[in-house]
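Visitor: Got a structure here, written out as structure tokens. Questions coming.
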């Protein structure tokens with residue numbers, strides 16, 4: 033498993049981490065069709081928890097089966113597969129050694145109405161070890177009144193994961209009383225969410241592709257004064273990457289709701305041109321028929337490989 | 033590393049602390065261009081967390097890179113560099129031994145609307161040890177309805193830090209339902225904030241330079257009855273130093289929002305004349321181009337050296 | 033240090049305590065000008081935390097310096113000096129062995145508006161041990177809606193302090209939604225506060241001298257039916273002492289706001305005649321010039337000695 | 033990283049293990065030139081500890097440098113590199129992700145004369161995690177009077193390693209008062225040693241290639257009665273594999289002292305024909321000049337690949 | 033405190049360590065007259081424990097006073113001062129920040145006759161933290177029958193020290209039943225002792241300068257076969273450095289018994305020429321009159337500076 037110069041360069045950005053954690057990051061970067069390029073495409077499947085079975089899997093009923101997703105990630109040549117405890121437990125033994133796993137440690141369902149958005153902690157660092165994962169995953173909602181609880185829980189999980197040689201992936205999704213609904217995708221807010229995740233010690237940050245819109249008036253002044261370009265998606269991605277410690281933290285982008293291939297590939301092209309490290313693509317993968325999904329994922333990987 | 037008489041005098045004020053903690057305070061006072069003078073200039077960079085990337089770093093985009101700040105603190109001859117977990121982890125191995133580090137253990141972002149101002153705990157004393165820090169940093173908001181939570185969290189962190197031979201720096205920023213917006217900078221309130229931090233066991237206290245204004249009517253009576261002078265900045269600094277255990281606790285002053293060199297140097301002169309121990313200067317340093325920032329920090333240090 | 037019969041008699045009231053705790057109570061009773069008499073005068077200085085520096089120390093600016101209070105307590109021949117963490121840490125090493133110390137474990141400032149009065153816990157039993165204290169101090173506000181939190185926190189601290197051979201001093205100051213402002217000093221309320229502190233396991237109880245006024249109607253009926261005298265201060269003190277387990281718990285009285293010498297000595301005479309164990313006198317001591325403060329404290333001690 | 037049928041078959045033998053441990057075994061089997069074949073060649077370098085620097089590295093002085101061995105294992109396409117704490121710490125960060133690591137948790141030097149042979153525990157399971165290892169390694173000396181101490185220490189380490197998702201490699205080297213010097217290589221003794229390691233819960237067992245000689249008279253009777261063939265090396269390997277749970281535990285063979293290429297390859301052929309899973313080859317690798325070592329290791333791998 | 037290229041090069045050899053430990057190693061290398069050169073001269077004073085007061089301090093009675101040694105190390109410009117708990121506690125507060133400290137965690141006296149040489153553990157990692165030390169020190173006696181106890185105790189102390197951001201210095205002094213008295217200084221034995229310390233995870237290794245003599249017959253064969261030169265001291269030092277991971281671990285040499293200046297400087301020259309990192313010089317420093325000791329230490333440092 034020789035490591036490319038690009039991967040070594042990325043690992044050097046995590047020089048305060050122990051060799052165990054570095055090894056896991058290297059495994060992520062050394063797997064799949066994008067191995068060695070420093071780019072990543074990850075398959076996440078937490079939609080069952082977040083939206084229920086039918087809303088998630090009815091478009092492609094094979095996807096009700098947890099094994100389906102392991103096999104899809106392997107066959108498509110993804111860098112990793114991320115899911116909650118139940119989905120990982122259902123296949124981790126059978127697929128041992130076939131694909132790096134990320135255990136999503138907190139999850140939210142859409143049955144409860146929470147005063148302030150906050151997910152439940154549904155797994156542990158020790159679960160990640162016994163399931164053979166390379167990383168833990170955790171979602172924060174900056175903007176929520178329950179922010180402190182989330183940041184503090186993450187702090188403890190992060191410290192434990194790092195001491196046990198695991199990597200930490202943070203989904204940073206600003207939402208809550210402090211932010212308008214549209215503002216959740218505003219460029220200032222998304223970039224701020226990435227900065228917060230980085231400051232909290234994340235190795236890999238996942239955000240949504242931002243829109244050309246500024247939520248906070250204080251931020252607006254700065255974007256205007258310093259002419260920070262936000263018109264094209266690549267402009268905005270470039271700003272998010274910059275806001276992730278000048279590209280010294282891996283930042284990847286979610287695919288969002290299901291949409292057409294062309295739209296997806298155009299978006300991915302924008303991400304790649306802006307210097308994004310890759311995509312984490314769930315519904316747009318597993319809700320398509322298997323052959324189409326693999327074709328699409330390969331096309332996405334090709335965009336990143338050529339970037 | 034011989035220690036000057038002035039530094040010995042200051043260390044004598046902390047005679048209940050163990051030699052480990054005394055060693056860290058000595059390291060702080062023995063580093064940089066002000067080494068041995070008993071004065072300090074510290075570079076703090078928590079603005080990325082507090083205000084987001086663009087508002088913090090767009091004026092000087094090199095500052096998006098965490099390494100930038102380590103190097104700036106080293107090259108400017110600061111006594112220490114203070115930042116949240118993510119920023120310190122990004123460079124602590126590479127810059128090991130080059131600059132004393134302070135791990136900011138709690139942080140707040142400006143996306144959420146909190147009922148009562150209170151920061152999230154985002155690091156631990158053990159993080160400070162593994163990153164090689166000389167001190168932990170913690171922000172309290174006296175005046176907040178969440179005061180007890182903050183004081184009690186600080187109490188535990190302080191006890192642990194002291195037992196493990198670290199120093200404790202407390203940012204004391206009165207705010208919240210108990211205080212008017214203007215009152216946050218009132219001389220009675222700022223001096224009271226310093227007193228509270230000292231009583232909570234802080235070794236080093238950071239407050240904002242106070243304004244000539246008294247918030248609390250009970251305090252007003254006393255200031256008038258005893259003719260406590262508050263007209264000039266030095267008058268007010270002198271009162272804050274007195275309120276910090278008659279100068280037996282190190283108290284330093286933040287630079288606040290970015291402003292012009294002359295204004296800054298005039299303010300620093302006032303702080304120095306009033307007996308302040310130094311400045312903690314973030315945005316006024318890293319938002320300037322590097323050469324200008326170093327020049328300004330050197331000028332500031334000169335003011336303190338001559339005081 | 034032979035122990036007088038009176039001190040032995042008092043210690044016998046605490047016979048369920050371990051010898052460590054008994055030793056600390058004996059040290060308190062065997063120190064200073066009142067050593068061996070079973071009476072106490074304690075110097076408490078938590079006003080800096082409670083009211084800020086200027087309101088506390090401007091009348092006698094030497095008192096900004098933490099060393100001042102240690103020396104005052106020693107020179108005046110007090111039984112002990114009580115203060116929050118910061119003030120004790122500032123001098124405990126320098127004054128080691130010169131005066132029994134009481135670490136005030138909770139404190140409140142007057143910047144925040146709390147829904148229900150409750151102090152923050154700002155120190156620990158282990159802090160008291162490492163600083164060489166004879167006792168911990170803790171303030172309860174019976175009448176506050178946050179009562180349970182305070183009683184339960186105290187319970188844990190008391191259990192820990194007793195198991196580690198320390199004594200427990202409880203400041204019992206009824207206040208909060210359950211009591212009128214005047215009622216805080218009503219004889220029924222003050223005596224009830226003392227009873228609660230005793231029931232919570234305090235070794236030493238501190239209350240304010242009560243006024244001739246009954247707050248609770250149910251109490252009024254009883255005071256009238258049984259002709260409980262409340263007209264003179266000694267009458268009321270006698271009732272408070274009775275309510276403190278028939279005098280089997282040490283109960284001492286605060287001096288309250290600064291006032292004239294004659295007024296103070298008259299009040300102390302009333303306390304002494306009513307069987308009070310002594311005074312805890314802060315502002316009336318440290319806000320006077322040092323010589324006057326020592327003179328006054330000596331006069332107060334003389335009243336108790338003659339009682 | 034698709035997994036071959038042979039690897040799946042092997043993993044099925046460990047179906048009581050958690051997915052984490054299965055993942056590590058799969059990683060071992062999926063690395064290097066023998067990836068997917070179910071065969072392994074591992075580079076072990078504990079000779080520095082066991083025999084000192086000169087005896088280990090003077091034949092090829094580049095091997096004094098810890099980085100040398102990481103690079104050799106990578107370039108030769110080994111399945112893993114095994115070494116004590118110091119050697120792994122020296123390069124684990126630099127070579128993160130390039131080669132599976134096995135932390136040898138106990139080691140012996142040849143300076144002390146021990147009453148009963150027993151190695152010292154020189155690393156921990158947590159060390160293995162922070163260094164990013166796939167397995168711990170541990171040496172037992174069946175036949176030693178200190179047997180129970182070793183088996184019991186191993187039991188604790190094994191339980192901890194398995195719960196944390198690591199694999200366990202046991203070096204089983206019968207020696208001590210219970211066995212003659214020659215007997216250490218007797219076929220009955222070596223096969224018995226493999227059985228003990230398997231019964232102790234080892235995932236991978238390392239023994240020495242046995243000689244055609246029977247140590248224990250009780251064993252001799254049985255070998256004769258049941259005509260167990262021991263004449264050729266493959267005969268004896270076949271018996272050792274059988275004794276390792278009928279081949280359901282991976283058993284590999286050490287190369288022993290440095291010798292000529294032909295001799296080595298003949299021996300490896302015998303091991304492969306007898307069904308051995310592979311070789312663990314230290315001195316015969318790193319004591320040769322690098323190019324020769326890589327050539328030899330490739331030749332050895334070819335033998336296994338063709339088996 | 034900028035760090036020289038040579039120091040950065042050395043720190044890179046410890047890349048698996050956390051930034052805290054790297055910071056302590058940098059502090060050691062950045063202190064005193066040899067700061068930045070990558071060379072070290074350390075003052076160790078454990079002779080009082082090892083040989084008693086008179087044998088240690090009668091030649092220079094000022095040295096009975098613990099403060100004497102702190103001041104000597106500071107004034108001579110040493111990199112560090114190493115001593116047992118009592119000596120460090122006696123001065124650590126007074127000399128806080130003046131000289132890096134190493135707490136010797138195990139010590140032996142010469143009153144008891146031990147069956148197998150082994151020191152007692154007389155301090156803890158937490159002691160090192162509260163005293164402000166940069167490193168722990170520990171002595172092993174390879175060759176002793178109590179070897180396992182020592183290696184295992186060291187293992188636990190090392191793991192704890194590294195996790196808390198301290199460095200580890202190992203005194204490796206082969207002795208015991210496995211080695212002849214003369215053999216303790218044999219080149220094969222000393223080099224083997226250095227290798228063992230390195231494999232146990234030491235950051236800094238202290239051995240005695242070896243003599244031109246080979247103890248173990250197996251080693252003799254190798255030294256002869258590979259023509260390892262051992263005639264001059266530099267030859268032997270070069271071999272010890274090589275045996276310390278090809279110079280990737282810092283290895284320093286003790287001065288041994290008191291002797292004349294010329295003899296010492298000749299020996300130091302040999303150490304420097306052989307690539308040794310420095311000297312740890314106790315009796316030859318503190319048993320001389322202060323001025324002579326400082327002169328000698330400066331001369332020693334000059335030899336290293338010029339190397």
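Residue numbers (my numbering), protein chains in the order written: chain A, 33 to 339; chain B, 33 to 339; chain C, 33 to 339; chain D, 33 to 339; chain E, 33 to 339. We treat Cβ as the ideally placed atom computed from N, Cα and C, and that holds for glycine.
1) Cβ closer than 8 Å: which chain E residues qualify as neighbours of residue 50 (chain A)?
2) Considering just the uninterrupted stretch of the beta strand (DSSP E) at residue 196 (chain A), what are its terminal residues?
3) Using a 10 Å radius around the Cβ and a threshold of 16 neighbouring Cβ atoms, would you call residue 263 (chain D) buried or exposed?
4) Going by C-alpha distance, which of D:69, D:272 and D:63 is nearest residue 227 (chain D)?
5) Sorry if obvious, but does the Cβ on residue 219 (chain A) come closer than 7 Å to a heavy atom of the ligand SAM?
6) Indicate whether residue 174 (chain A) and residue 193 (chain B) have their beta-carbon atoms separated by less than 8 Å.
7) Give, in chain order, every residue of the stretch 171-190 of chain A whose Cβ lies closer than 7 Å to some Cβ of chain B.
8) Check whether chain E comes within 8 Å of residue 130 (chain B), counting only Cβ atoms and requiring the distance to be less than that.
9) Any Cβ of chain E within less than 8 Å of the Cβ of residue 113 (chain D)?
10) Do residue 223 (chain E) and residue 275 (chain E) have their beta-carbon atoms positioned less than 8 Å apart in this structure?
11) Shortest alpha-carbon distance to residue 290 (chain E) belongs to which of E:116, E:243, E:191 and E:92?
12) Are there 16 or more other CB atoms within 10 angstroms of the CB of residue 188 (chain A), so buried, or fewer, so exposed?
13) Extract the residue ranges of the beta strand (DSSP E) inside the stretch 122-166 of chain E, only unbroken runs of 3 or more that lie entirely within it.
14) If we count the other Cβ atoms within 10 Å of its Cβ and call it buried at 16 or more, is residue 146 (chain A) buried or exposed?
15) How many whole angstroms separate the CB atoms of residue 72 (chain D) and residue 310 (chain D), which I take to be in contact at a CB cut-off of 8 Å?
16) When we look at the beta-carbon of residue 213 (chain C) and count the other beta-carbons within 10 Å, is it buried (16 or more) or exposed?
17) Please go through the same chain and pick out, in chain order, the residues whose beta-carbon is closer than 8 Å to the beta-carbon of residue 206 (chain D), but skip the five residues on each side of it.
18) Please confirm whether residue 168 (chain B) has its beta-carbon closer than 8 Å to some beta-carbon of chain A.
19) By the three-class DSSP mapping on this structure, what secondary structure does residue 96 (chain C) have?
20) Buried or exposed for residue 83 (chain C), going by 16 or more other Cβ atoms inside 10 Å?
21) Can you name the residues that DSSP bridges to residue 76 (chain E)?
22) Beta-carbon within less than 8 Å of residue 41 (chain B)'s beta-carbon, same chain only, minus the 5 sequence neighbours each way: which residues are those?
23) Just curious, the beta strand (DSSP E) that residue 312 (chain E) is in, first and last residue?
24) For a test of the three-state rule: what should DSSP assign to residue 36 (chain B), helix, strand or coil?
25) Looking at C-beta atoms only, is the number of pairs between the stretch 296-309 of chain E and the stretch 103-118 of chain D that lie closer than 8 Å three or more?
26) DSSP on residue 177 (chain D), reduced to helix/strand/coil?
27) To be precise: take each residue of the stretch 143-168 of chain B, compare its Cβ to all Cβ atoms of chain A, and keep it if any distance is under 9 Å. Which residues remain?
28) With a cut-off of 8 Å on the beta carbons, I'd call residue 53 (chain C) and residue 198 (chain C) a contact; round off their distance for me.
29) On the DSSP bridge list, what partners appear for residue 169 (chain D)?
30) Using only the alpha-carbon positions, how far apart do residue 246 (chain B) and residue 257 (chain B) sit?
31) Tell me whether residue 85 (chain A) is buried or exposed, calling it buried when 16 or more other Cβ atoms sit within 10 Å of its Cβ.
32) Would residue 47 (chain D) be called buried (16 or more neighbouring beta carbons within 10 Å of its own) or exposed?
33) If you draw a straight line from the alpha carbon of residue 140 (chain A) to that of residue 149 (chain A), how long is it in whole angstroms?
Guide: So, to answer that:
1) Reading the first chain from its first residue, position 18 is the one you call residue 50 (chain A). Correct list: 48 and 50.
2) Taking the first residue of the first chain as position 1, residue 196 (chain A) is located at position 164. From DSSP, residue 196 (chain A) is part of no beta strand (DSSP E); its letter is neither H nor E.
3) The count along the fourth chain starts at 1 and reaches residue 263 (chain D) at position 231. The residue is exposed, with fewer than 16 neighbouring Cβ atoms inside 10 Å.
4) Locating residue 227 (chain D) in the fourth chain gives position 195, counting from the first residue. Answer by Cα proximity: D:272.
5) Among the ligands in the structure shown, none appear at all, so the ligand SAM cannot be discussed.
6) In the first chain, the residue the question calls residue 174 (chain A) occupies position 142. In the second chain, the residue the question calls residue 193 (chain B) occupies position 161. Contact: no.
7) 174, 175, 176, 177, 179, 180, 183, 184 and 187
8) On the second chain, position 98 is the one that residue 130 (chain B) refers to. Taking Cβ atoms only, chain E reaches closer than 8 Å to residue 130 (chain B), which makes this a yes.
9) To locate residue 113 (chain D), count along the fourth chain from 1; it is residue 81. Not an interface residue.
10) For the purposes of this step, residue 275 (chain E) is taken as residue 243 along the fifth chain, with counting starting at 1. For the purposes of this step, residue 223 (chain E) is taken as residue 191 along the fifth chain, with counting starting at 1. The answer is yes: Cβ separation under 8 Å.
11) For the purposes of this step, residue 290 (chain E) is taken as residue 258 along the fifth chain, with counting starting at 1. Considering only alpha carbons, the answer is E:92.
12) The residue given as residue 188 (chain A) occupies position 156 in the first chain. It counts as exposed.
13) 133-136
14) The residue labelled residue 146 (chain A) in the question sits at position 114 within the first chain. Under this definition residue 146 (chain A) is an exposed residue.
15) Numbered from its first residue, the fourth chain carries residue 72 (chain D) at position 40. Numbered from its first residue, the fourth chain carries residue 310 (chain D) at position 278. Rounded, the Cβ-Cβ distance is 4 Å, consistent with contact.
16) Against the third chain, residue 213 (chain C) aligns to sequence position 181. Residue 213 (chain C) should be labelled exposed.
17) As a position in the fourth chain, residue 206 (chain D) is number 174, starting the count at 1. For residue 206 (chain D), where only same-chain residues beyond five positions count, the Cβ hits under 8 Å are 173, 174, 175, 215, 216, 221, 222, 224 and 225.
18) Within the second chain, numbered from 1, the residue matching residue 168 (chain B) stands at position 136. No, no contact with chain A.
19) As a first step, residue 96 (chain C) is located in the third chain; it is residue number 64 there, counting from the start. Correct three-state label for residue 96 (chain C): helix.
20) Here residue 83 (chain C) is taken as the residue at index 51 of the third chain, counted from 1. Its Cβ being crowded by 16 or more others within 10 Å, residue 83 (chain C) is buried.
21) What you label residue 76 (chain E) is simply residue 44 of the fifth chain in a count that begins at 1. According to DSSP, which records beta bridges pairwise, residue 76 (chain E) is partnered with E:114.
22) What you label residue 41 (chain B) is simply residue 9 of the second chain in a count that begins at 1. Contacts found: 70.
23) Start at 1 with the first residue of the fifth chain, and residue 312 (chain E) comes out as number 280. Counting along the chain, the beta strand (DSSP E) containing residue 312 (chain E) begins and ends at 310-312.
24) Numbered from 1 along the second chain, position 4 holds the residue referred to as residue 36 (chain B). The answer is coil: DSSP assigns residue 36 (chain B) none of H, G, I, E or B.
25) no
26) By one-based count along the fourth chain, residue 177 (chain D) stands at place 145. Residue 177 (chain D) falls in the coil class under three-state DSSP.
27) 143, 144, 145, 146, 147, 150, 151, 152, 153, 154, 155, 156, 158, 159, 162 and 163
28) Taking the third chain and counting its residues from 1, the one referred to as residue 53 (chain C) is at position 21. Taking the third chain and counting its residues from 1, the one referred to as residue 198 (chain C) is at position 166. Confirmed, Cβ separation roughly 6 Å.
29) Sequence index remark: in the fourth chain, residue 169 (chain D) carries index 137 (1-based). Residue 169 (chain D) pairs with D:136 and D:201.
30) Working through the second chain from its first residue, we reach residue 246 (chain B) at position 214. Working through the second chain from its first residue, we reach residue 257 (chain B) at position 225. Each residue's Cα considered, the two are about 13 Å apart.
31) Within the first chain, residue 85 (chain A) is the residue found at index 53, counting from 1. It counts as exposed.
32) Here the question's residue 47 (chain D) lines up with position 15 in the fourth chain. So residue 47 (chain D) counts as exposed.
33) Counting from one through the first chain, the residue named residue 140 (chain A) turns up at place 108. Counting from one through the first chain, the residue named residue 149 (chain A) turns up at place 117. When rounded, the distance between both Cα atoms is 9 Å.
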